[in-house]
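For the sequence shown, the working numbering gives the first residue as 60, with consecutive numbering after it.
Here a beta-carbon is modelled for each residue, glycine too, at the ideal position from N, C-alpha and C.
Worksheet: one structure, shown below.
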Amino acid sequence: MKINLEIPEVAIREKRLGSITGFCGTAEGLVKTARCGKLKEENRSFSQWAGCSVGKALCQLSMIQDAVVIQHGPIGCSGEFAKFGFVNRVGQKERDFTVKNISAVSSNLEEKDTIYGGGVKLRKTIKKAFDRFNPKAIFVTTSCASGIIGDDIESIVEKSEKELGIPVVYISCEGFRSRVWTTGFDAAFHGILRKIVKPPVEKKKDVINIINFWGSDVFTNLFKKIGLKANYIVPFTTVEQLSKLSEAAASVQICSTLGTYLAAGLEQEYGVLEVKAPQPYGIAGTDSWFRELGKVTGKEKKVEELIKSEKERITPQLEELRSRLKGKTGYITAGAAYGHIFATLLKELNINVIGASVYHHDPVYDNRSESTDTLGHVVKNYGDIPNYDVSNKQSFEFVNVLNKIKPDICITRHPGMAIWGVRLGIPTLLWATENLSIGYQGLINFGERILDLIENDEFVKNIAEHSELPYTDWWMNQNPYSFLGSKNNTKNKLHKHHVEV
Ligand code: SF4
């Protein structure tokens, strides 16, 4: 499906990419099923919770330094303002910016607004936000309430845009629209592509857009060695910077789940080439990623020199880590592409990945290229992963699995999930500083952290001794996938070291 910027609402991942949130089997089985177009959602008869696209849209939009986000919904839908306010302040400090709060407000829909409509309130909120913050753009993110009552947000923002003379952008990210909450990233990028990015005035052959979250700067120095410049997007940018994304030579992503829509959209609309390679983690992935980057920017020779020197530099440390971690077992829980990244890193370090619980699966990304099949890359280069499930953060399944397979280390990117491993006495790594595991040095950074946790497990053992799980034996003794798929489905089983339990 081509990206369609003519329509105000982004097409959700389920429709655009065929993404799912329910599966149980092996990584290889998932890759094969997805490639032959037979991937189907397995429904759950019980679900503990569901994520929301609003948070994902906010995580990109709220940190644009001179824009305002208006969350058009009940106040509760703005819960993540606090989180991104904190992330924004930390990031500003790291970048030597003036530290200030995010500019985000709620239209505060109340019960009566769901009867009479929220349009008037939204118009007033847009005007107030403009007067208070003097922004260069306003993004209006939606909510289940505004979606259900059918506020005509596109008309309101069009009118406001004419009155105020700045882009006012409708971001359709109602939680109920998609089971796959990363649709919120796409909604934010859809709005940026439609209303903020302008046609190029001057093409810059050495500028590379890096679609990322808010992590540390690892690319500036690496890119300098090959004559390129890093342009980190979207958090911590300005509206003007975003308007020039079309002028870059290429776009790369630190996570395909995050960047798929924006990278494909920039290539489709403005010819900004997307680097179509596995993600830059682990040796095989980083090699391919840099080679593809070299190819699209004409820097092949310099890239080969960089690969050689970086690999030579890290080899002694890598060999040491591999020998000390050999034979250890690992389990992963993370967002889709990030789960694939963790699998790559663990396998590179000689750790046996005995299972994973990833929050959704995209059988294909927006570029439709097989060379960016991130899970396929893991299976092809490092072998299969048993006990591979797709679960939109259903903790009850995760705790049950973890308790049965008891890995030496558990890796996650979400704080809410880290606590379960710790309470079971399993060394658990919450890897929130995503950029620090990128590239050759990233593999070393990651390996050192894991080794440290495995060798110093007293803390988690103590916590486990003093904690009680909220789940009863009734649940913990059952098959973790009892609520996944139809009642007659017998294939959803956990394999403990290849023995069914
Ligand atoms: S938009 Fe819907 S799912 Fe998201 S926080 Fe609001 S009510 Fe919950």
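Start and end residues, beta strand (DSSP E) containing residue i
i	result
residue 289	288-292
residue 275	Unbroken run through residue 275: none, as it is neither H nor E.
residue 312	307-312
residue 543	Note, residue 543: premise wrong, no beta strand (DSSP E); not H, not E.
residue 450	447-450
residue 198	196-200
residue 229	227-230
residue 136	First-last for residue 136: undefined, no H or E at that position.
Length of the line joining the Cα atoms of residue i and residue j
i	j	result
residue 558	residue 77	No answer about residue 558 holds up, because its pLDDT of 41 lies below 50 and its placement is not dependable.
residue 86	residue 233	31 Å
residue 93	residue 219	44 Å
residue 15	residue 294	Nothing in the structure corresponds to residue 15, since the chain is present only between 60 and 560.
residue 406	residue 322	28 Å
residue 241	residue 345	24 Å
residue 581	residue 302	One cannot answer for residue 581 here, as it falls past the ends of the chain, which runs 60 to 560.
residue 227	residue 253	11 Å
residue 560	residue 356	Residue placement at residue 560 is flagged as unreliable, the pLDDT there being 42, under the threshold of 50; a coordinate-derived value is accordingly withheld.
residue 197	residue 351	36 Å
residue 435	residue 193	47 Å
residue 140	residue 167	14 Å
residue 457	residue 80	14 Å
residue 502	residue 186	49 Å
residue 432	residue 399	10 Å
residue 520	residue 108	28 Å
residue 541	residue 110	21 Å
residue 416	residue 402	11 Å
Backbone secondary structure at residue i - three-state DSSP
i	result
residue 399	helix
residue 130	strand
residue 467	coil
residue 388	strand
residue 559	Low per-residue confidence applies at residue 559: pLDDT is 45, beneath 50, and the placement is therefore not dependable, though the value from the model is reported in the following sentence. Note: residue 559 maps to strand in three-state DSSP.
residue 263	strand
residue 285	coil
residue 336	coil
residue 489	strand
Boundaries (first-last residue) of the alpha helix (DSSP H) holding residue i
i	result
residue 74	72-75
residue 189	178-192
residue 165	Here residue 165 belongs to no alpha helix (DSSP H); instead the beta strand (DSSP E) covers 163-165.
residue 256	Run containing residue 256: none; DSSP gives neither H nor E here.
Beta-carbon gap between residue i and residue j smaller than 7 Å
i	j	result
residue 313	residue 291	no
residue 460	residue 539	yes
residue 119	residue 247	yes
residue 283	residue 428	no
residue 339	residue 497	yes
Residue i at chain C interface by Cβ criterion, 7 Å
i	result
residue 330	Looking for chain C here will not work: only one protein chain is present.
- Item | Stretch pair the stretch 165-181 + the stretch 196-212: three plus CB contacts closer than 8 Å | Enough Cβ pairs lie closer than 8 Å, so yes.
- Whose CB is closer than 5 Å to a heavy atom of the ligand HEM? List the residues in chain order. Ligands in the displayed structure: the ligand SF4; the ligand HEM is not one of them.
- Message: Would the stretch 119-128 count as touching the stretch 156-165 if we require 3 or more Cβ pairs under 8 Å?
- Response: Contact holds: three or more Cβ-Cβ distances are below 8 Å.
- Message: For the stretch 132-150 against the stretch 192-204, do three or more pairs of beta-carbon atoms, one drawn from each stretch, fall closer than 8 Å, so that the two count as touching?
- Response: For the pair of segments examined, the stretch 132-150 was found to touch the stretch 192-204: the number of CB pairs separated by less than 8 Å reaches three.
- Message: Taking 8 Å as the cut-off, does the stretch 436-447 touch the stretch 412-423 (at least 3 CB pairs, one atom from each stretch)?
- Response: Flag = yes, the stretch 412-423 and the stretch 436-447 touch.
- Message: With three or more C-beta pairs closer than 8 Å as the rule, is the stretch 461-475 touching the stretch 379-392?
- Response: Here the stretch 379-392 makes contact with the stretch 461-475; the two share three or more CB pairs at distances below 8 Å.
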